[in-house]
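Working notes, structure below.
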Amino acid sequence: MQSIASLLFFSLFGDSDGTETILFGVFGAVILIFLALDLGLFHKTARKITTKAALQQSIFWVIIATIFGVFIYLYDESGSTGMMEYFSAYLTEYALSVDNIFVILLILKYFQVKEEYYHKVLFWGILGAVIFRAVFIFVGAMLIHQFHWILYIFGVFLIYSGIRIYFEDEDEKIEPEKNPIMKLCKKYLPMAQKEYGPEFMVKEGGKWVFTSLFLVIILIETTDLIFAVDSIPAAFAISQNEFIIYTSNIFAVMGLRAMFFLLSGVIDKFYLLQKGLSIILFFIGAKMLLDIWDVHLPPLLSFTVIIATLTMAIVFSVLIPNAKEKLEEE
């Protein structure tokens, strides 16, 4: 019997040309090697990640993702079109990750997780995201191949998401006790009665029990699934090539952890990013709906709009003082 991983691979890439399959093999090798090195060599013991290390890791993952995009241009039959779609999807997912970072930070602070354990929690959270994103993209691709009109539903949903995010209250509140998955875990899983540091499971009174850190992982995974509801349709709006969608999505997710450590202390400064993200989602949704009238915007235009919107959101966040912060200072 084939494994789930094999089924996913052949369902997504079985009909691809040989070059695309080789590129996916390179992608898989890079992800697996660096995940193994990360947990097995570089971070055997729990320690706080410095801003310098986070910056180096962020630059590293951006370079790796960029090199892979160049490989798509040089070796994939989609050429420059595929490369532009890849970078557009990558930038969109990377930008959407900023909101994800803010929520993860709130979760970690709510559970009073020590900073030296952040890396381990995020490692397993991202590993789960790699697996769940594959399932999401597999299901999405299967449905779109069978029912093309689902793309238009995605378009409407993205426009709605863009409008909702634009007018959303910036003051995020997190209430884990109301999370249905969290309620199920607490109700049916044996939970530890005290803290056990970085462990997810321990023996207590002669039986295995789950720790509060395990609940943090569960909450982060469910949060990522919620964010994937926005990001996966956005990726399908940019490209219908499952190879491009998955690789761009996962490279962005792999850079999420380093970006978390880099931005966790200053994320509030980029207060206009939320508005920028809403504009991007609205644009991508509208682009998808234009297909109804056989209007197709070139990938280069989509890439330009995405990168210009993000750049302006960051620049204006720095140049224009946040009115709310200014009032608090006064």
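Each position in the sequence shown, counted from 1, maps to that position plus 1463 in this note's numbering.
By construction, the Cβ of each residue, glycine as well, lies at the ideal position given by its N, Cα and C atoms.
It should be emphasised that the depicted structure is a prediction, and the values quoted were computed from it without experimental measurement.
Residue i - DSSP class collapsed to helix/strand/coil
i, result
"residue 1566", "helix"
"residue 1576", "coil"
"residue 1666", "strand"
"residue 1673", "strand"
"residue 1745", "helix"
Euclidean distance between Cα positions of residue i and residue j
i, j, result
"residue 1684", "residue 1516", "25 Å"
"residue 1822", "residue 1676", "Nothing about residue 1822 can be read from this structure; the chain reaches only from 1464 to 1793."
"residue 1555", "residue 1691", "12 Å"
"residue 1619", "residue 1672", "44 Å"
"residue 1717", "residue 1667", "34 Å"
"residue 1531", "residue 1499", "20 Å"
"residue 1592", "residue 1681", "11 Å"
"residue 1771", "residue 1783", "17 Å"
"residue 1487", "residue 1754", "29 Å"
"residue 1642", "residue 1651", "15 Å"
"residue 1603", "residue 1704", "11 Å"
"residue 1568", "residue 1757", "43 Å"
"residue 1696", "residue 1670", "43 Å"
"residue 1491", "residue 1529", "16 Å"
"residue 1539", "residue 1712", "18 Å"
"residue 1689", "residue 1762", "27 Å"
"residue 1536", "residue 1769", "19 Å"
"residue 1484", "residue 1701", "21 Å"
Same chain, Cβ closer than 7 Å to residue i, neighbours up to 5 away in sequence not counted
i, result
"residue 1779", "1735"
"residue 1629", "1738 and 1741"
6 Å Cβ shell around residue i - same chain, five flanking residues per side excluded
i, result
"residue 1662", "1674"
"residue 1557", "1715"
"residue 1622", "1745 and 1748"
"residue 1613", "1606 and 1607"
"residue 1776", "1735, 1736 and 1739"
Close beta carbons around residue i, own chain, < 8 Å, minus the five adjacent residues each side
i, result
"residue 1655", "1665, 1667, 1672, 1673, 1674 and 1675"
"residue 1524", "1714, 1717, 1718 and 1721"
"residue 1679", "1570, 1571, 1574, 1576 and 1584"
"residue 1615", "1751, 1752, 1754 and 1755"
Using 8 Å as the Cβ pair cut-off and three pairs as the minimum, do the region 1737 to 1748 and the region 1574 to 1585 touch? no
If we count Cβ pairs, one from each stretch, closer than 8 Å, do we get three or more for the region 1706 to 1718 versus the region 1542 to 1554? yes
Any chance you could list the beta strand (DSSP E) runs of at least 3 consecutive residues sitting entirely within the region 1599 to 1626, in chain order? none
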